[in-house]
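A.B. asks: Before I ask anything, let me first share the structure, which is written out below as structure tokens.
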Amino acid sequence: GDSVTQMEGPVTLSEEAFLTINCTYTATGYPSLFWYVQYPGEGLQLLLKATKADDKGSNKGFEATYRKETTSFHLEKGSVQVSDSAVYFCALSAGGTSYGKLTFGQGTILTVHP
Amino acid sequence: AAGVIQSPRHLIKEKRETATLKCYPISRHDTVYWYQQGPGQDPQFLISFYEKMQSDKGSIPDRFSAQQFSDYHSELNMSSLELGDSALYFCASSRGGWLDTGELFFGEGSRLTVL
Numbered sequence: 001g002d003s004v005t006q007m008e009g010p011v012t013l014s015e016e017a018f019l020t021i022n023c024t025y026t027a028t029g030y031p032s033l034f035w036y037v038q039y040p041g042e043g044l045q046l047l048l049k050a051t052k053a054d055d056k057g058s059n060k061g062f063e064a065t066y067r068k069e070t071t072s073f074h075l076e077k078g079s080v081q082v083s084d085s086a087v088y089f090c091a092l093s094a095g096g097t098s099y100g101k102l103t104f105g106q107g108t109i110l111t112v113h114p
Numbered sequence: 001a002a003g004v005i006q007s008p009r010h011l012i013k014e015k016r017e018t019a020t021l022k023c024y025p026i027s028r029h030d031t032v033y034w035y036q037q038g039p040g041q042d043p044q045f046l047i048s049f050y051e052k053m054q055s056d057k058g059s060i061p062d063r064f065s066a067q068q069f070s071d072y073h074s075e076l077n078m079s080s081l082e083l084g085d086s087a088l089y090f091c092a093s094s095r096g097g098w099l100d101t102g103e104l105f106f107g108e109g110s111r112l113t114v115l
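These protein sequence lines map, in sequence, to chains P and V. Quick note on numbering: this note's numbering labels position 15 of the first sequence as 15, and the sequence is numbered without any gaps. Quick note on numbering: this note's numbering labels position 45 of the second sequence as 45, and the sequence is numbered without any gaps.
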């Protein structure tokens with residue numbers, strides 16, 4: 001079945017550091033890929049998405065590129081802020097009639113210190 | 001605009017009791033999804049509804065049932081509760097069919113604690 005693997009966490013960075021959170025996936029067909037963020041005590045929010053190979057999703061300084069050849073969708077940000085501290089989930093959707101049936105990775109806890 | 005509303009936000013039950021969670025989607029969203037997130041775990045898909053019909057089913061126990069009503073709100077009913085059912089239950093909504101962009105809007109979750 002479909003699966004998503006995220007890098008081991010948690011990740012602790014200083015403010016303005018560069019961030020990379022690795023995500024690889026296994027899926028049949030051509031899934032859509034997503035990054036969701038979960039702030040403490042809140043629900044998940046869509047951060048960015050990409051629906052086909054070589055698409056780059058971007059939002060709030062975060063970027064991720066859909067790489068079909070390496071089955072990856074790594075999240076990057078050039079300069080993190082304390083307010084970016086949250087849990088980040090990589091997810092895929094097989095699409096079709098199950099667009100919202102997401103398979104999530106295990107989540108990566110990001111803590112940014114001033 | 002109002003987001004996805006879930007109630008109750010917190011619920012404490014004893015083993016073998018029954019619990020009902022409610023979800024009110026964003027206006028004009030016709031698709032609802034339920035997810036279960038155990039402590040320190042990633043969200044697991046339970047079930048979804050499109051236009052009041054079940055559209056997909058995931059790892060939902062037989063003790064659980066759900067439905068979507070004519071006003072598109074949804075309820076998740078959980079019976080014979082077990083300790084392992086303690087989790088955060090998320091509801092998400094979207095516009096389905098040809099309007100589906102693949103983006104889900106999540107509620108803040110209902111935290112169920114089974115004692």
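Where is the CB? At the ideal position from N, CA and C, for every residue including glycine.
Counting only beta-carbon separations shorter than 9 Å, does V:P39 have a partner in chain P?
C.D. replies: The residue labelled residue 39 of chain V in the question sits at position 39 within the second sequence. No, because no Cβ of chain P sits closer than 9 Å to the Cβ of V:P39.
A.B. asks: Using a Cβ-Cβ cut-off of less than 9 Å, list which residues of the region 25 to 55 of chain P approach chain V; keep chain order.
C.D. replies: S32, F34, Y36, Q38, G41, E42, G43, L44, Q45, L46, K49, T51
A.B. asks: Within 10 angstroms of the Cβ of P:A91, are there 16 or more other Cβ atoms? Answer buried if so, exposed if not.
C.D. replies: On the first sequence, residue 91 of chain P is found 91 positions in, with the first residue counted as 1. Buried, because 16 or more other Cβ atoms sit within 10 Å of the Cβ of P:A91.
A.B. asks: Leaving out five residues on either side along the sequence, give the residues of the same chain with a beta carbon under 7 Å from the beta carbon of P:V4.
C.D. replies: Your numbering for residue 4 of chain P matches position 4 in the first sequence. Answer for P:V4: C23, Y25, C90, A91, L92, T103, F104, G105, listed in chain order.
A.B. asks: Which residue wins for smallest C-alpha separation from V:S93, given the options P:Y88, P:K101, P:A94?
C.D. replies: As a working mapping, residue 93 of chain V is identified with position 93 in the second sequence. Closest option to V:S93, Cα to Cα, is P:K101.
A.B. asks: Which residue wins for smallest C-alpha separation from V:I26, given the options V:I5, V:Y50, V:Q36, V:Q54?
C.D. replies: What you label residue 26 of chain V is simply residue 26 of the second sequence in a count that begins at 1. The option with the nearest alpha carbon to V:I26 is V:I5.
A.B. asks: Taking the CB atoms as reference points, tell me whether P:F62 and P:L47 lie closer together than 9 Å.
C.D. replies: Locating residue 62 of chain P in the first sequence gives position 62, counting from the first residue. Locating residue 47 of chain P in the first sequence gives position 47, counting from the first residue. Yes, these two residues count as a Cβ contact at 9 Å.
A.B. asks: Below 7 Å between beta carbons is the criterion; list the residues of the region 78 to 108 of chain V that meet it against any residue of chain P, in chain order.
C.D. replies: F90, A92, S94, D100, G102, E103, L104, F106, G107, E108
A.B. asks: Quick one: which chain P residues come within Cβ less than 8 Å of V:F45?
C.D. replies: The count along the second sequence starts at 1 and reaches residue 45 of chain V at position 45. Going along chain P in sequence order, the residues near V:F45 (Cβ under 8 Å) are K101, L102, T103.
A.B. asks: Alpha carbon to alpha carbon, how far is V:S86 from V:F69?
C.D. replies: Within the second sequence, numbered from 1, the residue matching residue 86 of chain V stands at position 86. Within the second sequence, numbered from 1, the residue matching residue 69 of chain V stands at position 69. Taking the straight line joining both Cα atoms gives about 26 Å.
A.B. asks: How should V:L112 be labelled, buried or exposed, when 16 other C-beta atoms within 10 angstroms of its C-beta is the threshold for buried?
C.D. replies: Position 112 of the second sequence, counting from 1, holds the residue named residue 112 of chain V. With 16 or more other Cβ atoms within 10 Å, it is buried.
A.B. asks: Which residue marks the beginning of the beta strand (DSSP E) containing P:N22, and which one marks its end?
C.D. replies: Taking the first sequence and counting its residues from 1, the one referred to as residue 22 of chain P is at position 22. Unbroken run through P:N22: none, as it is neither H nor E.
A.B. asks: Between the Cα of V:L21 and the Cα atoms of V:F105, V:E103, V:D56, V:F64, which residue gives the shortest distance?
C.D. replies: For the purposes of this step, residue 21 of chain V is identified with residue 21 of the second sequence, where counting begins at 1. The shortest Cα separation from V:L21 among V:F105, V:E103, V:D56, V:F64 belongs to V:F64.
A.B. asks: Between V:E103, V:L88, V:V32, V:L76, which lies nearest to V:S43 when the distance is taken from Cα to Cα?
C.D. replies: Counting from one through the second sequence, the residue named residue 43 of chain V turns up at place 43. The question names Ser, yet the displayed sequence has Pro at residue 43 of chain V. If we check each option's Cα against that of V:P43, V:L88 comes out closest.
A.B. asks: Could you pull out every residue in the same chain whose Cβ sits closer than 6 Å to the Cβ of V:I12, ignoring the five residues on either side in sequence?
C.D. replies: Taking the first residue of the second sequence as 1, we reach residue 12 of chain V at position 12. Counting only Cβ-Cβ distances below 6 Å, and skipping sequence neighbours, we find T113.
A.B. asks: Using a Cβ distance threshold of 8 Å, determine whether the region 6 to 14 of chain P contacts the region 53 to 61 of chain P, with at least three qualifying pairs required.
C.D. replies: no
A.B. asks: Beta-carbon of V:M113 versus every beta-carbon of chain P: anything under 9 Å?
C.D. replies: As a working mapping, residue 113 of chain V is identified with position 113 in the second sequence. First, the residue type needs correcting, since residue 113 of chain V is Thr and not Met in the sequence shown. Taking Cβ atoms only, chain P never reaches closer than 9 Å to V:T113, which makes this a no.
A.B. asks: Report back the beta-carbon spacing between P:A94 and P:V37 to the nearest angstrom; my notes put them in contact at under 8 Å.
C.D. replies: Within the first sequence, numbered from 1, the residue matching residue 94 of chain P stands at position 94. Within the first sequence, numbered from 1, the residue matching residue 37 of chain P stands at position 37. The Cβ separation is near 22 Å, so there is no contact.
A.B. asks: Which residues in chain V sit within 9 Å of P:F89, going by Cβ to Cβ distance?
C.D. replies: Taking the first sequence and counting its residues from 1, one reaches residue 89 of chain P at position 89. Neighbours of P:F89 on chain V, chain order: D42, P43.
A.B. asks: For my contact list, P:I21 and P:Y66 are in at a C-beta cut-off of 8 Å; report their separation, rounded to the angstrom.
C.D. replies: Stepping through the first sequence from its first residue, residue 21 of chain P is reached at position 21. Stepping through the first sequence from its first residue, residue 66 of chain P is reached at position 66. With 8 Å as the limit, P:I21 and P:Y66 do not qualify as a contact, their Cβ atoms being about 15 Å apart.
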